[in-house]
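A short write-up of the structure that comes next.
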Amino acid sequence: MEVLDILNLGEIAQYFSKMAMFPVFDLAYYIVSILYLKYEPGAVEVSRKSPVASWLCAMLYCFGSYILADIMLGVCPIDYFHNNSHILLASAVWYLVFFCPLNLFYKCVAFLPVKLVLVAMKEVVRTRKIAAGVHHAHHAYHHGWLIMVITGYVKGSGVALMSNFEQLLRGVWKPETNEVLNMSFPTKASLYGAILFTLQEGHVLPVSKSTLICLFTLFMATSKVFMTARHSHGSPFALIESWVCHVLFGSPLGIEDAHDHHHSAPAAAPLSPAKTKEELSEVTRKRKAKKAE
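Residue 180 in our numbering sits at position 61 of the sequence shown; the count goes up by one each step and never skips.
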């Protein structure tokens with residue numbers, strides 16, 4: 120405790136949790152979000168063919184989580200768009216990423232050291248959004264823990280959850296890319312973070328909100344920077360998830376293999392009689408042809 124008092128970690132966490140996100144951190148969030156939009160197949164072509172559709176996709180990438188959370192909580196889904204400064208800033212980033220001469224802006228922000236800094240700053244915003252979503256839902260539904268978890272989850276990963284709708288704006292339909300079916304690391308982390316902040320909001324988790332924000336931001340930023348630097352699409356949760364899913368939802372070890380073997384073995388049995396029938400039919404046909412001659 121004396122070490123913590125000397126380092127003043129509580130005060131640092133308090134200051135960090137109250138630090139303003141606009142414009143620096145929000146700018147980084149918009150840059151990385153629209154950068155990922157440009158990575159999508161056909162996004163550049165859409166921006167040339169239909170700039171309006173491209174701009175709408177960019178706005179969904181930047182504000183999709185707010186729109187989805189507002190719909191869930193019964194608030195007007197376009198309410199966030201009254202923040203003119205945010206809309207103008209995101210629109211400026213969209214224009215520079217897609218239409219800057221010689222692609223200079225894109226080359227600068229896509230330069231790996233710069234991109235790593237921007238990615239870390241984006242995770243700062245993501246954590247704040249999760250905490251804000253849980254807090255907002257707590258005020259509307261004091262004992263609705265599930266609602267708090269879902270709202271925080273949507274606030275942290277609403278952009279990914281709306282990806283299929285965003286694809287429709289670009290003329291693409293890939294239902295197999297549904298984020299619920301194939302959850303990426305940020306989506307999973309948003310869900311786990313929403314659970315943690317809900318437990319904290321319900322006074323079950325014995326830690327202050329500012330400390331939780333600081334620790335979760337540190338985890339998210341470190342993980343995402345490491346994964347971006349290695350160009351990895353894996354998840355730090357993969358090992359734990361595979362074990363938990365095997366225990367809770369999978370078959371006991373060894374039975375699954377035997378079960379598969381039991382069902383696969385008879386499948387091969389009918390092949391031999393079927394093949395024999397074909398051979399007999401072929402022999403019979405040849406005999407009839409010889410007799411006809």
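Every residue gets a Cβ at the ideal spot worked out from N, C-alpha and C, and that includes glycine.
As the structure is a prediction and not an experimental result, all values here were calculated from the model.
State the DSSP-derived secondary structure class of tryptophan 69, mapped to helix, strand or coil.
What is shown of the chain runs 120 to 412, which leaves residue 69 out entirely.
Would threonine 270 and methionine 339 be called neighbours here (beta carbons separated by less than 8 Å)?
Your numbering for residue 270 matches position 151 in the sequence shown. Your numbering for residue 339 matches position 220 in the sequence shown. No, they are not a contact pair.
Could you give the residue range of the alpha helix (DSSP H) that holds glutamate 320?
On the sequence shown, residue 320 is found 201 positions in, with the first residue counted as 1. Residues 304-320.
Residues in the same chain with beta-carbon distance under 7 Å from histidine 382, minus the five sequence neighbours each way, listed in chain order, please.
Here the question's residue 382 lines up with position 263 in the sequence shown. Since pLDDT at histidine 382 reaches only 42, below the 50 mark, its modelled position is unreliable, and the value read off the structure follows with that caveat. Excluding sequence neighbours, histidine 382 sits near nothing in its chain.
From the DSSP output, in three-state form, read off methionine 281 for me.
For the purposes of this step, residue 281 is taken as residue 162 along the sequence shown, with counting starting at 1. In this structure, methionine 281 counts as coil in the three-state DSSP scheme.
Could you say which of Val363, Phe368, Gly353, Phe335 lies nearest to serine 136 if we only look at CA atoms?
Numbered from 1 along the sequence shown, position 17 holds the residue referred to as residue 136. Measuring from the Cα of serine 136, the nearest candidate turns out to be Phe335.
Tell me, to the nearest whole angstrom, how far the beta carbon of alanine 132 is from that of threonine 330; I am working on the premise that it is less than 8 Å.
Walking along the sequence shown from the start, residue 132 turns up at place 13. Walking along the sequence shown from the start, residue 330 turns up at place 211. Contact flag correct, Cβ pair sits at about 5 Å.
Where does phenylalanine 368 fall in DSSP's three states?
Taking the first residue of the sequence shown as position 1, residue 368 is located at position 249. Here phenylalanine 368 sits in coil by DSSP.
Considering only their Cβ atoms, is the gap separating methionine 346 from phenylalanine 284 smaller than 8 Å?
Along the sequence shown, read from residue 1 onward, the residue named residue 284 stands at position 165. Along the sequence shown, read from residue 1 onward, the residue named residue 346 stands at position 227. Their beta carbons are not under 8 Å apart, which means phenylalanine 284 does not touch methionine 346 by this criterion.
On the three-state DSSP scale, how would you describe cysteine 181?
Here residue 181 is taken as the residue at index 62 of the sequence shown, counted from 1. Helix.
Looking at the secondary structure, which residues open and close the alpha helix (DSSP H) in which asparagine 203 lies?
Along the sequence shown, one-based indexing puts residue 203 at 84. Segment 203-218, the alpha helix (DSSP H) holding asparagine 203.
Between which two residues does the alpha helix (DSSP H) containing isoleucine 197 stretch?
Taking the first residue of the sequence shown as 1, we reach residue 197 at position 78. It is not in any alpha helix (DSSP H) - isoleucine 197 carries neither H nor E in the DSSP assignment.
With a threshold of 6 Å on Cβ separation, who are the neighbours of leucine 215 within its own chain once the five nearest residues in sequence on each side are excluded?
In the sequence shown, residue 215 corresponds to position 96, counting from 1. Cβ within range, chain order: Phe224.
On the three-state DSSP scale, how would you describe serine 276?
Start at 1 with the first residue of the sequence shown, and residue 276 comes out as number 157. Serine 276 falls in the helix class under three-state DSSP.
Which ranges would you report for the alpha helix (DSSP H) in the region 325-365 if only whole runs of at least 4 residues count?
Listed in chain order, the complete alpha helix (DSSP H) runs (minimum 4 residues) inside the region 325-365 are 328-348.
Indicate whether leucine 156 and tyrosine 180 have their beta-carbon atoms separated by less than 8 Å.
Position 37 of the sequence shown holds residue 156. Position 61 of the sequence shown holds residue 180. Yes. Within cutoff.
Exposed or buried, which one is cysteine 176 when buried takes at least 16 other CB atoms within 10 Å?
Numbered from its first residue, the sequence shown carries residue 176 at position 57. It is buried - the Cβ of cysteine 176 has at least 16 other Cβ atoms within 10 Å.
State the Cα-Cα distance for the pair proline 232 and cysteine 195, rounded to the nearest angstrom.
Position 113 of the sequence shown holds residue 232. Position 76 of the sequence shown holds residue 195. Each residue's Cα considered, the two are about 39 Å apart.
Return yes when the Cβ of alanine 279 is within less than 8 Å of the Cβ of glutamate 298, no when it is not.
Indexing the sequence shown from 1 puts residue 298 at position 179. Indexing the sequence shown from 1 puts residue 279 at position 160. Yes, Cβ-Cβ distance for glutamate 298 and alanine 279 is below 8 Å.
Using three-state DSSP, classify tyrosine 225 as helix, strand or coil.
On the sequence shown, position 106 is the one that residue 225 refers to. Correct three-state label for tyrosine 225: helix.
Evaluate leucine 310 with the Cβ neighbour count: other Cβ atoms within 10 Å of its Cβ, from every protein chain shown; 16 or more gives buried, anything less gives exposed.
Position 191 of the sequence shown, counted from the start, is the residue given in the question as residue 310. With 16 or more other Cβ atoms within 10 Å, it is buried.
Would you check if there are 3 or more beta carbon pairs closer than 8 Å linking the region 258-267 to the region 159-168?
In short, these stretches do not touch, since the Cβ pair count stays below three.
Under 8 Å, with one C-beta from each stretch per pair, do the region 194-212 and the region 134-148 reach the 3-pair mark?
The region 194-212 is in contact with the region 134-148.
How many whole angstroms separate the CB atoms of leucine 317 and valine 268, which I take to be in contact at a CB cut-off of 8 Å?
As a first step, residue 317 must be located in the sequence shown, where it is residue number 198. As a first step, residue 268 must be located in the sequence shown, where it is residue number 149. It is threonine, not leucine, that sits at residue 317 in the sequence shown. The pair is a contact, with the Cβ atoms about 5 Å apart (cut-off 8 Å).
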